[in-house]
Amino acid sequence: MKFSKAYEPNQYEPDIYALWEKSGAFHPTTDKNAKFYSIVMPPPNANGNLHIGHGLTIALEDILTRYHRLKGENTWYIPGADHAGFETWVVYERYLESKGKTRFDYSRDELYDQVWEFVHQQRGNMELQLRSLGASCDWDSLTFTLDPKVVERVYATFQKMWNDGLIYRGKKLVNYCTKHQTAFADIEVTHKEEQGTLWRIAYPLVEPTAELKELVVSTTRPETLFGDTAVAVNPADERYKTIIGKNVKLPLTDREIPIIADEHADMSYGTGVVKITPAHDPNDFEVGQRHELAQITVIGFDGRMTAEAGDDYAGLTTAECRKKALADLEKQGLMRGEESITHSVGHCYKCDTVIEPLLKEQWFVNLQPLAKRAIKTLEANEIRFHPANKKKVLINYLKNIRDWNISRQIPWGIPIPAFVNAEDSTDWIFDTRVDETEITVNGKKYLRDNDTFDTWFSSGQWPYITTDAHPEFYPSSVMETGADLLFQWVGRMIMLGLYITDDIPFKDVYLHGMVLDEKGQKMSKSKGNVINPIELVSEYGSDALRLGLIASRSAGVNQAFSTSKVIASRNLCNKLWNISRLIQQLVDDNPTEETKPELKNYGENWICHQINQASREVQKLLDRYRFAEAGDLLYDLIWNKYADWFLESQKLWKNIPLLKSTLEQILTLLHPFAPFVTETIWQTLSWTTGMLITARWPRAYKVDSQRVADFEDLIAIVTNIRSHFQALPGANSYPILFHDDDLVSDNQLLIQHLTKAPCVPQVEQSKVDGLRLAIPNHHNIYLQIPADIHAKYKASLEERILKLGQEITTLEARLANPNYLEKAPTALVEESRLSLHAKQKLLADMKAELELI
RNA sequence: GGGCGGUUAGCUCAGUUGGCUAGAGCGCGUCUUUGACGUAGACGAGGUCAGAGGUUCAAAUCCUCUACCGCCCACCA
């Protein structure tokens, strides 16, 4: 007897995981006759700790992996670790700051080496945490996003794009965080609705006319005025027609700038005049291109005003400059009012600094052709989405896709393999000798681009890079990741996958929603409401966390974390443990020959039917990614069916071979969801061999369906009796009598056992006395209760007669409807008829009963 | 401005070709030391499925509108 009274996960989990790992069960098989099933894990940050979202990710992916492994498929769950370029860099820069250093104290190569070292010290934590979550992934295949094979593929892709003309170097406005000193892709900028001020500033005409002395522009960013190179009016705007082409004086400077006509100016907005600052506003940049305006950069990459802003302002921060400029304008009498407005402002998603649109030369990818192909593929339904509507959302995004800035000004990442001619800044060449800061090609000196790739440029290629050792696993079976990464990651993997491999990168996409805190708030370090999955594992067990996380959660929906669901799941594990404990006891006490299980009585047929059905349902549900429903179903099977009815009845019969067999099946069915407790039990039971992780999904039992239906009746009878015992005043149990009922006759002992009734004798019909039970198909069962108590039962009987009457009326009305008879499926109509007859018979019995009282 | 969702029991949520009496967990009430489990067992209460209209033999489910809540995208000076 090795089963303790309660299941204590901590005591077993590490050993069980080690056992799996050592056995080689995580390695992929390559049996040509079996299906191939693969999941590429979204690589967690190598440098970080796992958060609760990873708990969900691993739960979902590992359930699928283990399920398919049990089904005998070639299964490969590929783990990864992400260098997480910017994320990690932010952490490291903070560390530098704490040491009183900055990035400018070191060369790029020095910094790269330092971060490598830093990450290396941290790495391993994350992997241990994945183990404690039970991820059955193939550790030998772990890919780090800076592994040479990744870098090679990324370079090959970059070169292919370069050759195909999809990559270009352009000086454009990029989203720049002046604190982190790097550019971002558009998608990485967080937009927030903010209160701002719209100032109206007068720009005096150089040649004032009688009716017009100045143009009043509206702006939320007066500090950019120093970079204005025009003011624009709408070409159709009658107010300004005559002055187009004339000049205005740019306040606070001695420059004059032209008045141009451009559709961008909205006649109905403010005065209809807009200042044009091509170097600091995306719209104005476009206008500037159309009109060949100069681009004057007045804000530097450090967030301070440049010399172009003039001696009085150079060196000020943008905020200081705004204040001073407004004051100076006021002094000069050029302010024409202000109003408060709400507008959307871009922020750095890490430090919340306002993102500056700044002119910078960067590498861009023209995504149009890739997006076009992706849209075609999606519209042809070649990739299935869960939830399905996310496909539409992605298509909508791809239709409006813009060029992707892939340059990052941070040292931690894959260096961009490009060099520029020292003599000619337009002469760029592709070369992978990124370890050298300068190279010589054809006698010319070329200097290295010091930028690195956007992390997503490499992660976007993850599926085919990670599966290259076993190409038969590509495309992967499903990409499971957070719904928030739909554009950033999933969309790019599809585009790049199609581009590079000419194939989809995965067949299905499953997107999970965010795990919110218990109050439904987004978790964040600053709010202090972060839930640590590893702490939950140590408190409740890994299985409980997994089951608790998937409970009541559906694809794509953000949902609060619920401790009570984790506790309920822990209780299920304990229940299963005790089920096993009881069965092991029975096995120990009743030594039998090892024989095939035979189904003898009603309950045995019934439970085997329930297991068959659950097995079928779970397969159906998992094939459709309905994790929560599958979990619920197994909870119900194990607790409400197996333990409460089957095991209770087996205390009488003790069909040892069947107890063993059914327990094995149940353990197998639950294994994908709760791998630790099921394997622990498997390893503890005296008769099981091998490991559950590599067992096979159970085969269906052959059952007698009449017996199954009969046992359902028995359940109804027992429940009805228990209900009476509870509801009737007086003693809490009474003898049960019956006549002419084979089912009850066959199961007298069982009914007695389950109801705790003193006895269940068969009697002559004439001698029957007592309360008659109202059970469909079983009208001859009675409770022998004293007359006075019987009388008290009258009221409840009348109530039920009334209710039954209503049900009968509804059914009669339905069956009297010719349209129903004609149009509803015949099986349904037949069912209604049967139901009506049963109820009518029952009603008659109950009425007779009432007369007797 | 464009797009996508949500509103079901006290709480958190399931409910995907429309079809028996709308489910679960937690919570709540009553009872129970029955050969594993009190992290338990038994029984029970609790819902006009946001509102209005429509389609249908039949609507929580499909359509329209309304109200409230949310998310994403967008270059709103």
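Residue numbers (this note's numbering): 1434 to 2286.
All C-beta atoms, glycine included, are put in the ideal place defined by N, C-alpha and C.
Every value quoted in this text rests on a predicted model; they were computed, and no experiment measured them.
**Request:** Can you check the stretch 2113 to 2182 for any alpha helix (DSSP H) of at least 4 residues that lies completely inside it and give the ranges in chain order?
**Result:** Runs of the alpha helix (DSSP H) inside the stretch 2113 to 2182: 2138 to 2160, 2175 to 2179.
**Prompt:** Can you tell me whether Glu1494 is buried or exposed, with buried defined as 16 or more other CB within 10 angstroms of its CB?
**Reply:** Within a 10 Å sphere around the beta-carbon of Glu1494 sit 16 or more other beta-carbons, which makes this residue buried.
**Message:** My output table needs one value for Gln1614: the three-state DSSP class, helix, strand or coil.
**Reply:** Gln1614 falls in the coil class under three-state DSSP.
**Request:** Answer yes or no: do Ala2190 and Phe2144 have a C-beta to C-beta separation smaller than 9 Å?
**Result:** Contact annotation: Ala2190 and Phe2144 have beta-carbon atoms that are not nearer than 9 Å.
**Request:** Spatial neighbours of Asp2137 within its chain, please: CB distance less than 6 Å, with the 5 preceding and 5 following residues excluded, ordered by chain position.
**Result:** Correct list, in chain order: Asn2038.
**Residue range of the beta strand (DSSP E) that includes Ser1777** = Segment 1768 to 1780, the beta strand (DSSP E) holding Ser1777.
**Request:** Can you grab the Cα-Cα spacing for the pair Tyr1510 / Thr1490, in whole Å?
**Result:** The alpha-carbon atoms of Tyr1510 and Thr1490 are separated by roughly 13 Å.
**Asked** Can you round the beta-carbon distance between Pro1938 and Pro2030 to whole angstroms, since I take them to be within the 8 Å contact cut?
**Response** That pair is no contact at about 45 Å.
**Item:** Bridge-paired residues (DSSP) for Glu1913
**Value:** Here Glu1913 is bridged, per DSSP, to Tyr1943.
**Asked** Between which two residues does the alpha helix (DSSP H) containing Glu1794 stretch?
**Response** Glu1794 -> not in any alpha helix (DSSP H); beta strand (DSSP E) instead, spanning 1789 to 1798.
**Request:** Report yes if the C-beta distance between Leu1638 and Glu1647 is below 9 Å; otherwise report no.
**Result:** Leu1638 places its beta carbon less than 9 Å from that of Glu1647.
**Request:** Compute the beta-carbon to beta-carbon distance between Glu1771 and Trp1632, rounded to the nearest angstrom, for a pair I have assumed lies under 8 Å.
**Result:** Sure, about 5 Å apart at Cβ, within 8 Å.
**Prompt:** For Ala1851, which beta-bridge partners are listed by DSSP?
**Reply:** For Ala1851, which the question treats as bridged, DSSP gives the partners Phe1863.
**Asked** What residue range is occupied by the uninterrupted beta strand (DSSP E) comprising Trp1509?
**Response** Counting along the chain, the beta strand (DSSP E) containing Trp1509 begins and ends at 1507 to 1511.
**Item:** CA-to-CA distance, Trp1796 to Pro1715, given in whole angstroms
**Value:** If you draw a straight line from the Cα of Pro1715 to the Cα of Trp1796, it comes to about 18 Å.
**Request:** Rank Val2193, Asp2174, Leu2125 by C-alpha distance to the C-alpha of Ser1456 and give the top, closest one.
**Result:** Considering only alpha carbons, the answer is Leu2125.
**Message:** Going by the DSSP bridge assignment, what does Ile1692 pair with across the sheet?
**Reply:** Answer is Val1664.
**Classification of Gln2017 by the beta-carbon crowding that lies within 10 angstroms, buried from 16 upward** = Its Cβ being crowded by 16 or more others within 10 Å, Gln2017 is buried.
**Message:** Looking at the strands, I want to know which residues DSSP matches up with Ile1872.
**Reply:** Under DSSP, Ile1872 takes part in a beta bridge, and its partners are Tyr1879.
**Request:** Give the DSSP bridge partners of Gly1603, in chain order.
**Result:** Gln1795.
**Prompt:** Roughly how many angstroms lie between the CA atoms of Gln2217 and Val2196, to the nearest whole one?
**Reply:** Cα to Cα, the separation comes out at about 12 Å.
**Prompt:** Which residues share a DSSP beta bridge with Arg2205?
**Reply:** Arg2205 pairs with Tyr2215.
**Item:** Residue closest to Glu1913, alpha-carbon to alpha-carbon, out of Arg2057, Gln1554, Asp1785, Val1942
**Value:** Closest by alpha carbon: Val1942.
**Asked** If you drop the 5 nearest sequence neighbours on each side, which residues of the same chain put their C-beta closer than 7 Å to that of Ile1843?
**Response** If you ignore the 5 residues before and after Ile1843, its C-beta comes within less than 7 Å of the C-beta of Gly1518, Phe1519, Trp1522, Thr1615, Thr1885, all in its own chain and listed in chain order.
**Prompt:** Is DSSP giving Leu1648 helix, strand or coil here?
**Reply:** Assignment of Leu1648 by DSSP, reduced to helix, strand and coil, places it in the strand class.
**Asked** Where DSSP assigns a beta bridge to Phe1577, which residues make up the other side?
**Response** Looking at the DSSP output, Phe1577 bridges to Ala1514.
**Message:** I need the straight-line Cα distance from Ala1727 to Val1720, nearest angstrom please.
**Reply:** Each residue's Cα considered, the two are about 11 Å apart.
**Message:** I'd like to know if the stretch 1584 to 1591 and the stretch 1756 to 1763 are in contact, where contact means that at least 3 CB-CB pairs between them fall below 8 Å.
**Reply:** No, the stretch 1584 to 1591 does not touch the stretch 1756 to 1763.
**Asked** When you compare each of Phe1459, Asn1480, Lys1504 to Leu2055 by their alpha carbons, which one comes out closest?
**Response** The residue with the shortest Cα to Cα distance from Leu2055 is Lys1504.
**Request:** For Ala1993, write down the residues that DSSP places opposite it in a beta bridge.
**Result:** Beta-bridge partners assigned by DSSP to Ala1993: Leu1949.
**Prompt:** Exposed or buried, what is Arg1986 when buried is set at 16 or more other beta-carbons lying within 10 Å of its beta-carbon?
**Reply:** Classification of Arg1986: buried, given that the 10 Å Cβ count is 16 or more.
**Prompt:** Who does Arg1817 pair with in a DSSP beta bridge?
**Reply:** DSSP lists Asp1941 as the beta-bridge partner residues of Arg1817.
**Request:** Determine, using beta carbons only, whether Phe2109 and Tyr1445 come nearer to each other than 9 Å.
**Result:** Going by C-beta atoms, Phe2109 is nearer than 9 Å to Tyr1445.
**Message:** Extract the residue ranges of the alpha helix (DSSP H) inside the stretch 1445 to 1525, only unbroken runs of 4 or more that lie entirely within it.
**Reply:** You should have 1485 to 1503.
**Prompt:** In three-state terms, what does DSSP make of Met1594?
**Reply:** In this structure, DSSP gives Met1594 a helical state, which the three-state scheme calls helix.
**Message:** Report the CB separation of Gly1705 from Arg1654 in whole angstroms; it is logged as a contact under 8 Å.
**Reply:** Their Cβ separation, rounded to whole angstroms, is 19 Å, which puts Gly1705 and Arg1654 out of contact at 8 Å.
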